[in-house]
Amino acid sequence: MKKGFVAITILSVLLGQAVAQQPSIISGKLLGHDGKPLLKAQVHVLPNRGERKALQSAEVAKDGGFEIKFDQSGLVYLDFTGVHHYELMMPLLIEKPLREKMAVQLKPYEYQSDFSQVKIIGDFNEFNFGSAKLMEPQSDGTFTFEIDATANTFAYQILGAEKNGRSINGTQSDDFVYDDGGDYRSVVNVADGRVKIVFDPKKLVRAKAGGEAEVKFDNPNSLAAKFYALQREQDKRQAKFFDAVRAYQEQQKSMAGFAYDWSAELEALPKRIAAEKDPILRQVLLMHYLGIGGMNAPRDKLDKKLAAQALTEIPATSLLWTISSPGLISLAVNLSGEKENYEGYLNEALDKHPDRNLRASLLSMKLNQASFSGDTANARVYFNRLMKDFGDLPIARFAKTQFDPNRRILKGKQVPAFKVASLDQAGVTYTNESMKGKIYLIDFWAVWCGPCVGEMPNMHKAYEKFKDKNFEILSLSFDPVPDDVAKFRRDKWKMPWLHTFVEKGFGSELAKSFEVMGIPKPILVDGNTNTILATEMDLRGERLEKTLASVLEGKTNGSTAAKP
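Note that the sequence shown covers residues 26 to 589 in our numbering.
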(Lines of atoms letter the chains of each structure in order from A and count residues from 1; the text may use other names and numbers.)
(Lines give C-alpha, C1' and ligand atoms only; values in the text may rest on other atoms or scores of the structure.)
Protein backbone atom coordinates (compact mmCIF):
# COMPACT_ATOMS: atom_id res chain seq x y z
CA MET A 1 0.00 0.00 0.00
CA LYS A 2 1.43 3.38 -1.01
CA LYS A 3 0.71 6.38 1.16
CA GLY A 4 0.67 10.17 0.98
CA PHE A 5 0.16 13.11 3.30
CA VAL A 6 -0.91 16.75 3.17
CA ALA A 7 0.12 19.94 4.94
CA ILE A 8 -1.48 20.39 8.31
CA THR A 9 -1.49 22.49 11.41
CA ILE A 10 -0.68 19.84 13.96
CA LEU A 11 -2.74 20.72 17.01
CA SER A 12 -6.25 20.90 15.59
CA VAL A 13 -5.86 18.10 13.07
CA LEU A 14 -4.20 15.61 15.33
CA LEU A 15 -6.98 16.14 17.83
CA GLY A 16 -9.47 15.40 15.08
CA GLN A 17 -11.12 18.82 15.39
CA ALA A 18 -10.45 20.33 11.95
CA VAL A 19 -13.42 21.47 9.90
CA ALA A 20 -13.02 22.22 6.20
CA GLN A 21 -14.98 25.30 5.07
CA GLN A 22 -14.60 24.56 1.37
CA PRO A 23 -14.06 21.27 -0.45
CA SER A 24 -10.61 19.87 -0.95
CA ILE A 25 -9.75 19.25 -4.59
CA ILE A 26 -7.31 16.60 -5.80
CA SER A 27 -6.69 16.48 -9.53
CA GLY A 28 -4.24 15.18 -12.09
CA LYS A 29 -3.69 12.10 -14.23
CA LEU A 30 -4.27 8.43 -13.37
CA LEU A 31 -2.60 6.12 -15.89
CA GLY A 32 -1.49 2.53 -16.32
CA HIS A 33 2.07 1.26 -15.95
CA ASP A 34 2.80 2.13 -19.58
CA GLY A 35 1.76 5.74 -19.19
CA LYS A 36 -1.45 5.21 -21.15
CA PRO A 37 -5.06 5.67 -20.00
CA LEU A 38 -6.75 2.68 -18.38
CA LEU A 39 -9.84 0.93 -19.75
CA LYS A 40 -11.66 1.97 -16.59
CA ALA A 41 -10.33 3.78 -13.53
CA GLN A 42 -11.65 5.65 -10.52
CA VAL A 43 -10.49 7.68 -7.54
CA HIS A 44 -12.22 7.07 -4.20
CA VAL A 45 -12.22 8.82 -0.83
CA LEU A 46 -12.35 6.33 2.06
CA PRO A 47 -12.96 7.17 5.74
CA ASN A 48 -10.21 4.83 6.96
CA ARG A 49 -7.92 2.07 5.79
CA GLY A 50 -10.24 -0.74 6.79
CA GLU A 51 -13.49 0.74 5.47
CA ARG A 52 -14.09 -0.05 1.80
CA LYS A 53 -17.32 1.93 1.35
CA ALA A 54 -16.29 5.14 -0.41
CA LEU A 55 -17.40 8.54 0.85
CA GLN A 56 -16.88 9.93 -2.65
CA SER A 57 -15.86 8.43 -5.99
CA ALA A 58 -14.89 10.06 -9.28
CA GLU A 59 -14.60 8.47 -12.70
CA VAL A 60 -11.32 8.97 -14.52
CA ALA A 61 -11.70 10.49 -17.99
CA LYS A 62 -10.72 8.66 -21.17
CA ASP A 63 -7.46 10.63 -21.30
CA GLY A 64 -6.64 9.70 -17.68
CA GLY A 65 -7.59 13.05 -16.21
CA PHE A 66 -9.37 13.17 -12.86
CA GLU A 67 -10.65 15.62 -10.29
CA ILE A 68 -12.26 14.68 -7.01
CA LYS A 69 -13.82 17.06 -4.49
CA PHE A 70 -14.69 16.22 -0.90
CA ASP A 71 -15.65 18.06 2.29
CA GLN A 72 -14.19 15.62 4.81
CA SER A 73 -11.46 16.80 7.16
CA GLY A 74 -9.10 15.05 9.51
CA LEU A 75 -7.81 11.74 8.18
CA VAL A 76 -9.10 10.30 4.91
CA TYR A 77 -7.65 7.93 2.34
CA LEU A 78 -7.43 8.39 -1.41
CA ASP A 79 -7.75 5.10 -3.27
CA PHE A 80 -6.67 5.00 -6.93
CA THR A 81 -8.03 1.97 -8.81
CA GLY A 82 -7.84 0.74 -12.39
CA VAL A 83 -8.56 -2.33 -14.49
CA HIS A 84 -5.67 -4.86 -14.71
CA HIS A 85 -3.76 -3.00 -11.96
CA TYR A 86 -3.25 -3.00 -8.20
CA GLU A 87 -4.91 -0.19 -6.26
CA LEU A 88 -2.80 2.55 -4.70
CA MET A 89 -3.94 4.03 -1.39
CA MET A 90 -2.64 7.16 0.33
CA PRO A 91 -3.76 8.81 3.59
CA LEU A 92 -4.42 12.55 3.75
CA LEU A 93 -4.59 14.62 6.93
CA ILE A 94 -6.65 17.73 6.27
CA GLU A 95 -7.20 20.82 8.39
CA LYS A 96 -8.15 23.31 5.70
CA PRO A 97 -9.23 22.89 2.06
CA LEU A 98 -6.48 21.19 0.11
CA ARG A 99 -5.39 21.72 -3.48
CA GLU A 100 -3.01 19.11 -4.87
CA LYS A 101 -2.15 18.03 -8.41
CA MET A 102 -0.38 14.77 -9.10
CA ALA A 103 0.36 12.18 -11.76
CA VAL A 104 -0.27 8.58 -10.71
CA GLN A 105 0.78 5.42 -12.52
CA LEU A 106 -0.51 2.14 -11.15
CA LYS A 107 1.33 -1.16 -10.97
CA PRO A 108 -0.11 -4.00 -13.07
CA TYR A 109 -1.03 -7.30 -11.48
CA GLU A 110 1.63 -9.96 -11.07
CA TYR A 111 0.50 -13.41 -12.11
CA GLN A 112 1.04 -17.06 -11.33
CA SER A 113 3.42 -18.95 -13.60
CA ASP A 114 0.92 -21.81 -13.74
CA PHE A 115 -2.71 -21.14 -14.68
CA SER A 116 -3.90 -24.73 -14.41
CA GLN A 117 -5.96 -23.91 -11.30
CA VAL A 118 -7.63 -20.78 -12.65
CA LYS A 119 -11.22 -20.47 -11.42
CA ILE A 120 -14.22 -18.21 -11.95
CA ILE A 121 -16.71 -16.55 -9.62
CA GLY A 122 -19.59 -14.32 -10.63
CA ASP A 123 -23.29 -13.62 -10.70
CA PHE A 124 -23.94 -17.36 -10.84
CA ASN A 125 -22.56 -17.94 -7.31
CA GLU A 126 -22.82 -14.42 -5.85
CA PHE A 127 -19.03 -14.06 -6.15
CA ASN A 128 -18.45 -16.67 -3.44
CA PHE A 129 -14.82 -17.81 -3.29
CA GLY A 130 -15.83 -21.08 -1.66
CA SER A 131 -17.90 -22.20 -4.65
CA ALA A 132 -15.58 -20.96 -7.40
CA LYS A 133 -15.64 -23.11 -10.55
CA LEU A 134 -12.52 -24.50 -12.18
CA MET A 135 -12.23 -23.30 -15.78
CA GLU A 136 -11.68 -25.81 -18.59
CA PRO A 137 -8.22 -25.75 -20.23
CA GLN A 138 -8.17 -25.61 -24.04
CA SER A 139 -5.55 -26.73 -26.55
CA ASP A 140 -4.78 -23.12 -27.52
CA GLY A 141 -3.76 -22.22 -23.96
CA THR A 142 -7.03 -20.52 -23.03
CA PHE A 143 -9.50 -21.52 -20.32
CA THR A 144 -13.28 -21.51 -20.72
CA PHE A 145 -16.45 -21.58 -18.66
CA GLU A 146 -20.03 -21.86 -19.97
CA ILE A 147 -23.29 -21.37 -18.13
CA ASP A 148 -26.92 -20.45 -18.71
CA ALA A 149 -27.72 -16.82 -17.95
CA THR A 150 -31.15 -15.21 -17.78
CA ALA A 151 -30.01 -11.57 -17.49
CA ASN A 152 -28.75 -9.39 -20.34
CA THR A 153 -25.30 -9.13 -18.80
CA PHE A 154 -23.01 -11.46 -16.86
CA ALA A 155 -20.43 -10.21 -14.35
CA TYR A 156 -17.48 -12.33 -13.22
CA GLN A 157 -13.97 -12.36 -11.77
CA ILE A 158 -11.01 -14.69 -12.08
CA LEU A 159 -9.33 -16.52 -9.17
CA GLY A 160 -5.98 -18.30 -9.28
CA ALA A 161 -4.37 -15.99 -11.84
CA GLU A 162 -3.04 -13.14 -9.67
CA LYS A 163 -0.16 -14.37 -7.52
CA ASN A 164 -1.54 -13.16 -4.16
CA GLY A 165 -4.99 -14.69 -4.56
CA ARG A 166 -6.91 -11.53 -5.49
CA SER A 167 -10.13 -11.81 -7.47
CA ILE A 168 -9.55 -9.79 -10.64
CA ASN A 169 -11.19 -8.86 -13.93
CA GLY A 170 -10.84 -11.27 -16.83
CA THR A 171 -9.50 -10.91 -20.36
CA GLN A 172 -12.99 -10.96 -21.93
CA SER A 173 -15.09 -7.89 -21.14
CA ASP A 174 -17.66 -5.57 -22.64
CA ASP A 175 -17.53 -3.38 -19.54
CA PHE A 176 -16.15 -3.29 -16.00
CA VAL A 177 -17.72 -2.69 -12.57
CA TYR A 178 -15.78 -1.77 -9.44
CA ASP A 179 -16.01 -4.46 -6.72
CA ASP A 180 -15.58 -2.12 -3.71
CA GLY A 181 -12.41 -3.98 -2.78
CA GLY A 182 -9.72 -2.45 -4.98
CA ASP A 183 -10.40 -4.59 -8.07
CA TYR A 184 -12.87 -4.79 -10.94
CA ARG A 185 -15.41 -7.26 -12.26
CA SER A 186 -15.62 -8.02 -15.96
CA VAL A 187 -19.07 -7.64 -17.51
CA VAL A 188 -20.06 -9.35 -20.77
CA ASN A 189 -23.25 -9.10 -22.79
CA VAL A 190 -25.42 -12.23 -22.92
CA ALA A 191 -27.00 -13.56 -26.10
CA ASP A 192 -29.55 -16.39 -26.37
CA GLY A 193 -29.58 -17.13 -22.64
CA ARG A 194 -26.09 -18.64 -22.45
CA VAL A 195 -22.66 -17.17 -21.89
CA LYS A 196 -19.18 -18.51 -22.63
CA ILE A 197 -16.25 -16.90 -20.83
CA VAL A 198 -12.77 -17.25 -22.30
CA PHE A 199 -9.71 -16.47 -20.17
CA ASP A 200 -6.62 -15.95 -22.31
CA PRO A 201 -3.32 -15.58 -20.37
CA LYS A 202 -1.68 -14.12 -23.48
CA LYS A 203 -3.92 -11.05 -23.17
CA LEU A 204 -2.95 -10.24 -19.59
CA VAL A 205 -1.42 -6.81 -19.02
CA ARG A 206 2.15 -7.28 -17.84
CA ALA A 207 5.02 -5.00 -16.93
CA LYS A 208 8.75 -5.45 -16.83
CA ALA A 209 10.10 -7.05 -13.66
CA GLY A 210 10.54 -4.56 -10.85
CA GLY A 211 8.01 -2.08 -12.17
CA GLU A 212 6.37 -0.15 -9.35
CA ALA A 213 3.55 2.32 -8.94
CA GLU A 214 4.59 5.95 -9.20
CA VAL A 215 3.22 9.22 -7.85
CA LYS A 216 4.62 12.58 -8.93
CA PHE A 217 3.36 15.74 -7.26
CA ASP A 218 3.28 18.99 -9.19
CA ASN A 219 4.86 20.54 -6.10
CA PRO A 220 7.57 18.09 -4.98
CA ASN A 221 8.36 20.29 -1.98
CA SER A 222 4.89 20.11 -0.49
CA LEU A 223 4.46 18.29 2.78
CA ALA A 224 2.29 15.81 0.91
CA ALA A 225 5.12 14.93 -1.45
CA LYS A 226 7.70 14.67 1.31
CA PHE A 227 5.46 12.48 3.41
CA TYR A 228 4.75 10.22 0.47
CA ALA A 229 8.51 9.75 -0.03
CA LEU A 230 8.92 8.77 3.63
CA GLN A 231 6.00 6.38 3.49
CA ARG A 232 7.30 4.76 0.33
CA GLU A 233 10.63 4.16 2.05
CA GLN A 234 8.84 2.41 4.91
CA ASP A 235 6.72 0.40 2.48
CA LYS A 236 9.89 -0.86 0.81
CA ARG A 237 11.44 -1.73 4.17
CA GLN A 238 8.37 -3.74 5.09
CA ALA A 239 8.21 -5.48 1.71
CA LYS A 240 11.88 -6.44 1.90
CA PHE A 241 11.47 -7.73 5.45
CA PHE A 242 8.42 -9.86 4.67
CA ASP A 243 10.06 -11.20 1.51
CA ALA A 244 12.92 -12.37 3.72
CA VAL A 245 10.46 -13.95 6.15
CA ARG A 246 8.73 -15.86 3.35
CA ALA A 247 12.02 -16.96 1.80
CA TYR A 248 13.33 -18.22 5.14
CA GLN A 249 10.07 -20.04 5.87
CA GLU A 250 10.14 -21.62 2.42
CA GLN A 251 13.72 -22.80 2.79
CA GLN A 252 13.85 -23.77 6.46
CA LYS A 253 10.21 -24.89 6.91
CA SER A 254 10.38 -23.05 10.22
CA MET A 255 11.03 -19.56 11.57
CA ALA A 256 13.36 -20.83 14.28
CA GLY A 257 16.64 -18.94 14.11
CA PHE A 258 15.36 -16.23 11.76
CA ALA A 259 17.11 -12.87 12.04
CA TYR A 260 17.00 -9.79 9.85
CA ASP A 261 19.75 -7.20 9.52
CA TRP A 262 18.34 -3.80 10.47
CA SER A 263 21.75 -2.28 11.25
CA ALA A 264 21.72 0.22 8.37
CA GLU A 265 18.27 1.56 9.32
CA LEU A 266 19.08 1.62 13.03
CA GLU A 267 22.09 3.79 12.26
CA ALA A 268 20.51 6.09 9.66
CA LEU A 269 17.06 6.80 11.11
CA PRO A 270 18.21 8.39 14.40
CA LYS A 271 20.37 10.83 12.42
CA ARG A 272 17.46 11.75 10.16
CA ILE A 273 15.16 12.20 13.16
CA ALA A 274 17.67 14.56 14.77
CA ALA A 275 18.09 16.57 11.55
CA GLU A 276 14.39 16.86 10.60
CA LYS A 277 12.98 20.30 11.43
CA ASP A 278 9.37 19.75 10.39
CA PRO A 279 7.48 18.39 13.43
CA ILE A 280 5.11 16.22 11.38
CA LEU A 281 7.84 14.61 9.30
CA ARG A 282 9.91 14.05 12.44
CA GLN A 283 6.97 12.30 14.06
CA VAL A 284 6.60 10.11 10.98
CA LEU A 285 10.29 9.16 11.15
CA LEU A 286 9.90 8.33 14.84
CA MET A 287 6.98 6.05 14.00
CA HIS A 288 9.04 4.36 11.29
CA TYR A 289 11.77 3.73 13.85
CA LEU A 290 9.21 2.12 16.14
CA GLY A 291 7.91 0.16 13.17
CA ILE A 292 11.31 -1.45 12.73
CA GLY A 293 11.07 -2.49 16.36
CA GLY A 294 7.84 -4.24 15.46
CA MET A 295 9.60 -6.12 12.65
CA ASN A 296 12.01 -8.29 14.57
CA ALA A 297 14.69 -5.66 15.26
CA PRO A 298 16.66 -6.67 18.39
CA ARG A 299 15.20 -4.82 21.37
CA ASP A 300 18.65 -4.24 22.85
CA LYS A 301 19.65 -2.37 19.69
CA LEU A 302 16.73 0.06 19.85
CA ASP A 303 17.24 3.44 21.53
CA LYS A 304 14.82 3.84 24.41
CA LYS A 305 15.35 7.60 24.27
CA LEU A 306 13.80 7.67 20.80
CA ALA A 307 10.82 5.70 22.08
CA ALA A 308 10.40 8.27 24.86
CA GLN A 309 10.80 11.07 22.29
CA ALA A 310 7.99 9.56 20.22
CA LEU A 311 5.71 9.54 23.26
CA THR A 312 6.67 13.13 24.04
CA GLU A 313 6.26 14.57 20.54
CA ILE A 314 3.36 12.52 19.16
CA PRO A 315 0.11 13.27 21.01
CA ALA A 316 -1.77 10.27 22.35
CA THR A 317 -4.74 11.37 20.25
CA SER A 318 -2.68 11.77 17.07
CA LEU A 319 -4.26 10.47 13.90
CA LEU A 320 -0.78 9.37 12.84
CA TRP A 321 -1.20 6.33 15.09
CA THR A 322 -4.00 5.11 12.82
CA ILE A 323 -1.70 5.03 9.78
CA SER A 324 0.64 2.59 11.50
CA SER A 325 -0.18 -0.37 13.71
CA PRO A 326 -1.94 0.50 17.00
CA GLY A 327 0.54 -1.86 18.62
CA LEU A 328 3.27 0.75 18.13
CA ILE A 329 1.86 2.75 21.04
CA SER A 330 2.32 -0.19 23.41
CA LEU A 331 5.71 -0.92 21.84
CA ALA A 332 6.86 2.66 22.45
CA VAL A 333 5.69 2.54 26.07
CA ASN A 334 7.53 -0.74 26.68
CA LEU A 335 10.70 0.35 24.84
CA SER A 336 10.91 3.64 26.73
CA GLY A 337 11.98 1.79 29.86
CA GLU A 338 9.57 4.01 31.79
CA LYS A 339 6.35 2.05 31.45
CA GLU A 340 4.91 3.39 34.68
CA ASN A 341 5.50 7.00 33.58
CA TYR A 342 3.83 6.47 30.21
CA GLU A 343 0.92 4.30 31.30
CA GLY A 344 -1.14 7.49 31.36
CA TYR A 345 -0.29 8.08 27.70
CA LEU A 346 -1.66 4.66 26.80
CA ASN A 347 -4.80 5.28 28.83
CA GLU A 348 -5.31 8.68 27.19
CA ALA A 349 -5.16 7.07 23.75
CA LEU A 350 -7.56 4.39 24.96
CA ASP A 351 -10.03 6.94 26.35
CA LYS A 352 -9.77 9.91 23.99
CA HIS A 353 -8.39 8.92 20.60
CA PRO A 354 -10.87 9.95 17.87
CA ASP A 355 -10.58 6.65 16.00
CA ARG A 356 -12.83 3.91 17.47
CA ASN A 357 -10.94 1.10 15.75
CA LEU A 358 -7.67 2.19 17.35
CA ARG A 359 -9.27 2.45 20.80
CA ALA A 360 -10.79 -1.00 20.37
CA SER A 361 -7.41 -2.42 19.30
CA LEU A 362 -5.68 -0.98 22.35
CA LEU A 363 -8.36 -2.37 24.64
CA SER A 364 -8.10 -5.75 22.95
CA MET A 365 -4.34 -5.77 23.55
CA LYS A 366 -4.89 -5.02 27.23
CA LEU A 367 -7.42 -7.85 27.35
CA ASN A 368 -4.92 -10.24 25.77
CA GLN A 369 -2.16 -9.27 28.17
CA ALA A 370 -4.38 -9.60 31.23
CA SER A 371 -5.80 -12.92 30.10
CA PHE A 372 -2.49 -14.58 29.32
CA SER A 373 -0.87 -13.27 32.51
CA GLY A 374 -3.67 -14.75 34.60
CA ASP A 375 -5.08 -11.38 35.68
CA THR A 376 -8.69 -12.55 35.49
CA ALA A 377 -10.15 -9.54 37.31
CA ASN A 378 -8.80 -6.98 34.84
CA ALA A 379 -9.43 -9.32 31.92
CA ARG A 380 -13.12 -9.34 32.87
CA VAL A 381 -13.17 -5.53 33.11
CA TYR A 382 -11.49 -5.11 29.71
CA PHE A 383 -13.75 -7.70 28.10
CA ASN A 384 -16.95 -6.10 29.38
CA ARG A 385 -15.80 -2.67 28.25
CA LEU A 386 -14.86 -3.99 24.81
CA MET A 387 -18.29 -5.55 24.38
CA LYS A 388 -20.11 -2.47 25.70
CA ASP A 389 -18.26 0.22 23.76
CA PHE A 390 -17.07 -1.61 20.64
CA GLY A 391 -19.29 -4.67 20.28
CA ASP A 392 -20.17 -3.73 16.71
CA LEU A 393 -16.53 -3.89 15.52
CA PRO A 394 -14.88 -7.05 14.12
CA ILE A 395 -12.08 -6.96 16.70
CA ALA A 396 -14.67 -7.16 19.50
CA ARG A 397 -16.52 -9.99 17.82
CA PHE A 398 -13.24 -11.87 17.53
CA ALA A 399 -12.39 -11.19 21.18
CA LYS A 400 -15.76 -12.61 22.16
CA THR A 401 -14.78 -15.98 20.69
CA GLN A 402 -11.50 -15.89 22.61
CA PHE A 403 -12.37 -14.46 26.01
CA ASP A 404 -16.13 -14.63 26.60
CA PRO A 405 -16.53 -16.69 29.81
CA ASN A 406 -19.72 -18.10 28.30
CA ARG A 407 -18.15 -19.17 25.00
CA ARG A 408 -18.73 -22.72 23.81
CA ILE A 409 -15.15 -23.49 22.79
CA LEU A 410 -13.49 -23.58 26.17
CA LYS A 411 -11.36 -26.09 28.04
CA GLY A 412 -13.58 -28.49 29.95
CA LYS A 413 -16.67 -27.97 27.79
CA GLN A 414 -18.16 -30.37 25.27
CA VAL A 415 -17.02 -30.08 21.67
CA PRO A 416 -19.92 -29.28 19.28
CA ALA A 417 -21.29 -32.08 17.12
CA PHE A 418 -19.82 -32.17 13.63
CA LYS A 419 -19.94 -34.19 10.44
CA VAL A 420 -17.45 -33.47 7.65
CA ALA A 421 -16.43 -35.29 4.48
CA SER A 422 -12.93 -36.63 3.93
CA LEU A 423 -10.85 -34.94 1.25
CA ASP A 424 -8.83 -38.10 0.63
CA GLN A 425 -11.40 -40.90 0.78
CA ALA A 426 -14.65 -40.68 -1.16
CA GLY A 427 -17.69 -41.54 0.94
CA VAL A 428 -15.84 -41.28 4.26
CA THR A 429 -17.01 -38.80 6.89
CA TYR A 430 -15.53 -37.71 10.19
CA THR A 431 -17.79 -37.16 13.19
CA ASN A 432 -17.59 -37.04 16.96
CA GLU A 433 -18.51 -40.72 16.91
CA SER A 434 -15.86 -41.72 14.37
CA MET A 435 -13.18 -39.97 16.45
CA LYS A 436 -14.22 -41.79 19.61
CA GLY A 437 -11.29 -43.37 21.42
CA LYS A 438 -8.80 -40.84 20.05
CA ILE A 439 -7.15 -37.76 21.43
CA TYR A 440 -7.49 -35.53 18.38
CA LEU A 441 -6.55 -32.05 17.32
CA ILE A 442 -9.14 -30.09 15.33
CA ASP A 443 -7.16 -27.70 13.15
CA PHE A 444 -9.01 -24.89 11.36
CA TRP A 445 -6.57 -23.52 8.79
CA ALA A 446 -5.97 -22.37 5.18
CA VAL A 447 -3.14 -22.39 2.67
CA TRP A 448 -3.32 -18.58 2.41
CA CYS A 449 -2.98 -18.13 6.19
CA GLY A 450 0.65 -17.29 7.04
CA PRO A 451 0.40 -18.16 10.76
CA CYS A 452 -1.26 -21.48 9.81
CA VAL A 453 1.63 -22.38 7.53
CA GLY A 454 4.01 -21.24 10.26
CA GLU A 455 2.59 -23.95 12.54
CA MET A 456 3.45 -26.73 10.07
CA PRO A 457 6.90 -27.63 11.48
CA ASN A 458 5.55 -28.05 15.02
CA MET A 459 2.46 -29.94 13.86
CA HIS A 460 4.50 -32.40 11.78
CA LYS A 461 6.96 -32.92 14.62
CA ALA A 462 4.16 -33.52 17.12
CA TYR A 463 2.30 -35.85 14.78
CA GLU A 464 5.35 -38.01 14.17
CA LYS A 465 6.02 -38.22 17.90
CA PHE A 466 2.48 -39.05 19.02
CA LYS A 467 0.72 -40.69 16.06
CA ASP A 468 1.31 -44.14 17.56
CA LYS A 469 -0.09 -43.04 20.92
CA ASN A 470 -3.74 -42.80 19.92
CA PHE A 471 -3.33 -39.26 18.60
CA GLU A 472 -4.88 -37.89 15.39
CA ILE A 473 -5.19 -34.53 13.62
CA LEU A 474 -8.23 -33.39 11.66
CA SER A 475 -7.44 -30.35 9.51
CA LEU A 476 -10.41 -28.34 8.26
CA SER A 477 -9.53 -26.09 5.32
CA PHE A 478 -11.03 -22.62 4.82
CA ASP A 479 -9.44 -22.27 1.39
CA PRO A 480 -11.42 -21.14 -1.69
CA VAL A 481 -11.32 -24.62 -3.24
CA PRO A 482 -10.12 -28.11 -2.16
CA ASP A 483 -7.51 -28.15 -4.94
CA ASP A 484 -5.54 -25.50 -3.02
CA VAL A 485 -5.05 -28.01 -0.20
CA ALA A 486 -4.01 -30.79 -2.58
CA LYS A 487 -1.39 -28.58 -4.24
CA PHE A 488 -0.04 -27.40 -0.88
CA ARG A 489 0.29 -30.97 0.39
CA ARG A 490 1.95 -32.04 -2.84
CA ASP A 491 4.43 -29.16 -3.08
CA LYS A 492 4.97 -27.86 0.47
CA TRP A 493 3.93 -29.93 3.49
CA LYS A 494 2.62 -33.51 3.36
CA MET A 495 0.26 -33.16 6.35
CA PRO A 496 -0.16 -36.98 6.59
CA TRP A 497 -3.33 -36.90 8.68
CA LEU A 498 -7.09 -36.43 8.19
CA HIS A 499 -8.42 -33.62 6.00
CA THR A 500 -11.71 -31.98 5.11
CA PHE A 501 -12.84 -28.86 3.29
CA VAL A 502 -15.29 -26.38 4.82
CA GLU A 503 -17.64 -24.97 2.21
CA LYS A 504 -18.20 -21.21 2.77
CA GLY A 505 -15.36 -21.09 5.31
CA PHE A 506 -15.96 -18.39 7.91
CA GLY A 507 -19.57 -18.09 6.73
CA SER A 508 -20.33 -21.76 7.32
CA GLU A 509 -22.51 -23.18 10.07
CA LEU A 510 -19.51 -25.20 11.23
CA ALA A 511 -17.49 -22.01 11.74
CA LYS A 512 -20.33 -20.50 13.75
CA SER A 513 -20.69 -23.65 15.84
CA PHE A 514 -16.96 -23.66 16.64
CA GLU A 515 -16.80 -19.86 17.04
CA VAL A 516 -14.16 -19.51 14.34
CA MET A 517 -13.47 -15.81 13.74
CA GLY A 518 -9.80 -16.24 12.89
CA ILE A 519 -7.34 -18.97 11.98
CA PRO A 520 -5.37 -20.93 12.93
CA LYS A 521 -7.79 -22.17 15.57
CA PRO A 522 -6.61 -25.43 17.17
CA ILE A 523 -8.81 -27.41 19.58
CA LEU A 524 -7.67 -30.57 21.39
CA VAL A 525 -10.45 -33.06 22.14
CA ASP A 526 -10.79 -36.23 24.19
CA GLY A 527 -12.76 -38.45 21.82
CA ASN A 528 -13.99 -40.71 24.62
CA THR A 529 -15.86 -37.94 26.40
CA ASN A 530 -16.09 -35.22 23.71
CA THR A 531 -14.38 -32.92 26.21
CA ILE A 532 -12.20 -30.03 25.06
CA LEU A 533 -8.78 -30.52 26.65
CA ALA A 534 -6.97 -27.41 25.38
CA THR A 535 -7.37 -24.55 22.91
CA GLU A 536 -5.56 -21.77 21.11
CA MET A 537 -2.13 -20.77 22.51
CA ASP A 538 -1.66 -24.01 24.45
CA LEU A 539 -1.62 -25.70 21.03
CA ARG A 540 0.58 -23.25 19.11
CA GLY A 541 4.33 -23.34 18.53
CA GLU A 542 6.44 -25.39 20.92
CA ARG A 543 3.58 -25.51 23.43
CA LEU A 544 1.75 -27.99 21.19
CA GLU A 545 4.21 -30.79 21.90
CA LYS A 546 4.27 -29.98 25.63
CA THR A 547 0.48 -30.00 25.86
CA LEU A 548 0.23 -33.28 23.96
CA ALA A 549 2.91 -34.87 26.11
CA SER A 550 1.03 -33.85 29.23
CA VAL A 551 -2.26 -35.27 27.94
CA LEU A 552 -1.01 -38.43 26.27
CA GLU A 553 1.31 -39.36 29.09
CA GLY A 554 -1.55 -39.02 31.59
CA LYS A 555 -0.23 -35.89 33.32
CA THR A 556 -3.30 -33.71 32.81
CA ASN A 557 -5.40 -33.65 35.96
CA GLY A 558 -8.87 -34.97 35.30
CA SER A 559 -8.13 -36.31 31.83
CA THR A 560 -10.09 -39.44 31.00
CA ALA A 561 -7.92 -40.33 28.05
CA ALA A 562 -6.72 -43.90 28.19
CA LYS A 563 -3.16 -44.75 27.29
CA PRO A 564 -2.84 -46.96 24.24
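Even for Gly, the Cβ is constructed at its ideal location relative to N, Cα and C.
query                                                                                                                             : result
Residue interval of the alpha helix (DSSP H) (run including ASP199)                                                               : Taken as a continuous stretch (DSSP letters only), ASP199 belongs to no alpha helix (DSSP H), as it is neither H nor E.
For PHE91, the residue or residues it bridges with in DSSP                                                                        : GLY53
Endpoints, alpha helix (DSSP H) assigned at PRO295                                                                                : 288 to 300
For GLY316, the nearest candidate out of LEU306, THR342, ARG262 (CA to CA)                                                        : ARG262
Pairwise C-alpha distance: VAL445 and GLY452                                                                                      : 11 Å
Coil, strand or helix - MET114 by DSSP                                                                                            : strand
Those runs of the alpha helix (DSSP H) which lie wholly inside the region 414 to 499 and span at least 4 residues                 : 419 to 428, 475 to 479, 481 to 491
Cβ shell of PHE415 (< 8 Å), same chain only, five flanking positions each side left out                                           : ARG381, ARG384, ALA385, LEU388, ALA421
Candidates GLU171, LYS517, SER361, PRO340: closest to VAL309 by CA position                                                       : PRO340
Residue span of the beta strand (DSSP E) that contains VAL70, given as start and end                                              : 66 to 71
Contacts around GLY218, its chain only, beta-carbon distance under 7 Å, and the 5 residues preceding and following it disregarded : ASP173, ALA174, THR175
GLU112 versus ILE193, ALA300, SER164, residue with shortest Cα-Cα distance                                                        : ILE193
ASP449 and ILE498 closer than 8 Å at C-beta                                                                                       : no
Beta-carbon proximity check, PHE526 vs SER502, cutoff 8 Å                                                                         : yes
Beta-carbon proximity of ALA180 to GLY147, cut-off 8 Å                                                                            : yes
Length of the line joining the Cα atoms of HIS58 and LYS132                                                                       : 6 Å
As assigned by DSSP and simplified to three states, the class of VAL38                                                            : At VAL38 the pLDDT is 41, less than 50, meaning the model places this residue with poor confidence and gives no usable figure here.
Nearest-angstrom Cα separation, counted from LEU466 out to PRO295                                                                 : 48 Å
Segment contact, 8 Å Cβ cut-off, at least three pairs: the region 134 to 146 with the region 259 to 273                           : no
Contact belief for ASP516 with VAL510 at Cβ below 8 Å, rounded distance in angstroms                                              : So it is not a contact: roughly 11 Å between Cβ atoms.
Assigned secondary structure, TYR181 (DSSP; H/G/I helix, E/B strand, else coil)                                                   : strand
Cutoff 6 Å; reference THR167; Cβ partners in own chain excluding five residues on either side                                     : VAL223, ASP225
Segment contact flag, the region 231 to 242 with the region 91 to 101, C-beta cutoff 8 Å, min 3 pairs                             : no
The region 430 to 437 touching the region 557 to 565, judged by at least three CB pairs closer than 8 Å                           : yes
MET312 in three-state terms, based on DSSP                                                                                        : helix
CA-to-CA distance, GLU570 to LYS438, given in whole angstroms                                                                     : 22 Å
Cβ-Cβ distance between SER361 and ALA404 below 8 Å                                                                                : no
Contact belief for THR65 with GLY107 at Cβ below 8 Å, rounded distance in angstroms                                               : Note that residue 65 is Lys in the sequence shown, not Thr. Between GLY107 and LYS65 the Cβ distance is about 7 Å, and since that is below 8 Å, they are a contact.
Nearest candidate by alpha-carbon position, reference LYS461, set MET542, VAL550, GLU237                                          : VAL550
Pairwise C-alpha distance: LYS329 and LEU356                                                                                      : 11 Å
7 Å CB neighbourhood of PRO48 in its chain, flanking five on each side removed                                                    : LYS94, PHE95, ASP96, PRO122
ASN321 and TYR285 closer than 8 Å at C-beta                                                                                       : yes
For ASP551, three-class secondary structure by DSSP                                                                               : strand
8 Å Cβ cutoff met for LEU63 and HIS110                                                                                            : yes
Whole-angstrom distance between LYS492 and MET412, CA atom to CA atom                                                             : 41 Å
Pairwise C-alpha distance: SER343 and LEU39                                                                                       : Low per-residue confidence applies at LEU39: pLDDT is 40, beneath 50, and the placement is therefore not dependable enough to give any value.
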